[in-house]
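>
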Amino acid sequence: MTKAAAVLIGSTLSMNAFAGAYVFSELGMMSISTAGAGAQAIAEGAETAYANPAGMTRLERPMLAFNIEGTISDAMYYDNGSDGVFSRGSESTQAGASLPAGALYYVHPYNDKLAFGIAIASAGGSVIDYGSDFKGSLLLQDVSMITVQVSPSVAYKVTNELSVGVGLVAEYGKLEQTFGGSNLRGIGQMVGKGDSLEFGYTLSALYEINNDNRVGFTYRSENNHDLSGDISTKNFSPDASFNIVMPSIAIMSGYHQVAPKWTMLWSAGWTDFSKVQTTDITLTNTTASIDREWEDTWLFSLGAHYQLTPDWRLEGGVYYETSPQDDPTKQYPDVPTGEIWKYALGATYELNAEWRMQMYYEYLDAGTPSIEYTTDVGPGGTLRGDYDIGIHYFGVLFNKTF
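Quick note on numbering: the sequence shown equals residues -19 to -1, 1 to 383 in mature numbering (1 follows the signal peptide of the UniProt record, and there is no 0).
Below, the structure written as structure tokens:
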């Protein structure tokens, strides 16, 4: 296999697997109805086993929670003069897709100081479908990257105010994608697959200032996925291996009941995307490196709860996160990056003494990033265009108290 072919195939595989390195709290952490505000400090249901294990000490009885969620992405690509191997195809392409999701959480208080929990959820993933008429189909037609975490945890109440928690994270990642090279001699349509199981940890704390105010903190460690798989093509089927980083993340949140019916919520956090400078790909006996040059991102969110009646609570929030990469020449078709804004609302209804239901909707605005990706493979060319990206999240979270 030529080095050029390795660069092409390697860059395609790595970039699409890397879609999972986007950390979407909507797939696991919950508090979607407040755009993530207060997620590490609310600690009122079994979902705290994922958001902040230390918060499990606040639960007096065993609780089980499950989430049923739908995701619809709207990702329009508008071409702006692509050339060379990227010159053929539609002038505009819809790459959005729909994805169902779910999560399960359980917390068991052992006594008034010790609690155990487990969460089965996801920290990130991506489903994209450009189709074969996309001008960048040489790089990507469709991809599915899914991660699932199983995280057992334990929490201990050190003092009346301070609780700490620790958890083990077992994360499985699976990639399947299609990309094509009809404009490039010697490389036809290809299907790539790979999977990996990696382990990490969670550290957390909850400090209860008083009955109306508390602050929570969670650190989730980095997971390095060594995805191993293969590529199926018409002419050859090489083995492939590459390293994908799910970066570490740290978030602090606050919960403040400022009036009998009003509670203010906030969060601030950091994601260690600067660990991703390059991606190394090995195909048979050939290795290629793909430039990333991502930067750390910072997030901020603000939200509120309003207790409308004893049974109904209204919720809302807004979220902002900085961009890991703004340079169009460093963008790729898998996850065009930019600043992120989230706008959310929802409501919680107490069905009875044992069941609680939380309904939510969130819109994620990923902005209008530009791409100018250049390849020297074959005759070369530049994929040049602009994106307009938004994602809709909606669902229901149920909590059962035993």
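The beta-carbon is built from N, C-alpha and C at its ideal position, and this holds for glycine as well.
1. Check whether the Cβ atoms of Ala30 and Ala100 lie closer than 7 angstroms to each other.
2. With a CB to CB cut of under 7 angstroms and the five nearest residues on each side skipped, what residues in its chain are close to Ile49?
3. Suppose contacts are defined by Cβ-Cβ distances below 7 angstroms. Is Ser177 in contact with Gly154 by that definition?
4. Just how far apart, CA to CA, sit Pro291 and Glu157?
5. In chain order, what are the residue ranges of uninterrupted beta strand (DSSP E) at least 3 long that sit wholly in the segment 218 to 257?
6. Helix or strand or just coil, what does DSSP make of Met11?
7. Expressed to the nearest angstrom, what Euclidean distance is found between the alpha-carbon atoms of Ile127 and Ser107?
8. Spatial neighbours of Glu274 within its chain, please: C-beta separation below 7 angstroms, excluding the five flanking residues on both sides.
9. Below 7 angstroms CB to CB, which residues in the same chain sit around Trp243 once its five sequence neighbours on both sides are set aside?
10. According to the Cβ coordinates, are Gly146 and Ser185 closer than 7 angstroms?
11. Could you check where the alpha helix (DSSP H) with Ala32 kicks off and where it finishes?
12. Report the CB separation of Ser248 from Ile232 in whole angstroms; it is logged as a contact under 8 angstroms.
13. DSSP beta-bridge partners for residue 415?
14. Based on Cα-Cα distance, which residue from Ala334, Gly327 and Lys323 lies nearest to Gly348?
15. Find out if the Cβ-Cβ distance for the pair Asp277, Ser255 is shorter than 7 angstroms.
16. Measure the C-alpha to C-alpha separation of Asp193 and Tyr301 and round it to an integer number of angstroms.
17. Under the three-state reduction of DSSP, which class applies to Ala78: helix, strand or coil?
18. Distance, Cα to Cα, Leu289 vs Leu295?
19. Which residue marks the beginning of the beta strand (DSSP E) containing residue 385, and which one marks its end?
20. Report, in whole angstroms, the separation of the C-beta atoms of Tyr12 and Ala20, which I expect to be a contact under 8 angstroms.
21. What span of residues does the beta strand (DSSP E) with Gln130 cover, start to end?
22. Take Ala136 as the anchor and find which of Ala24, Gly362 and Pro81 has the nearest alpha-carbon.
23. Buried or exposed: where does Arg42 fall if 16 or more other Cβ atoms within 10 Å of its Cβ makes it buried?
24. Measure the alpha-carbon distance for Glu353 versus Asp60 and round it to whole angstroms.
25. Check whether the Cβ atoms of Ser54 and Lys116 lie closer than 7 angstroms to each other.
26. Is the Cβ-Cβ distance between Leu119 and Val172 less than 7 angstroms?
27. Report buried or exposed for Gly361, applying the criterion of at least 16 other Cβ atoms within 10 angstroms of its Cβ.
Reading from the atomic positions:
1. yes
2. Gly83, Gly376 and Val377
3. yes
4. 47 angstroms
5. 220 to 227, 230 to 238 and 243 to 252
6. coil
7. 7 angstroms
8. Gln258, Gln306 and Lys311
9. Ala285 and Tyr287
10. yes
11. Thr29 to Ala32
12. 6 angstroms
13. This structure leaves residue 415 out entirely; the chain is present only between -19 and 383.
14. Lys323
15. yes
16. 26 angstroms
17. coil
18. 7 angstroms
19. Lying outside -19 to 383, the shown extent of the chain, residue 385 is not represented and no answer is given.
20. The sequence shown places Ser at residue 12, not Tyr. 4 angstroms between Cβ atoms; contact.
21. Asp123 to Lys138
22. Ala24
23. exposed
24. 10 angstroms
25. no
26. no
27. exposed
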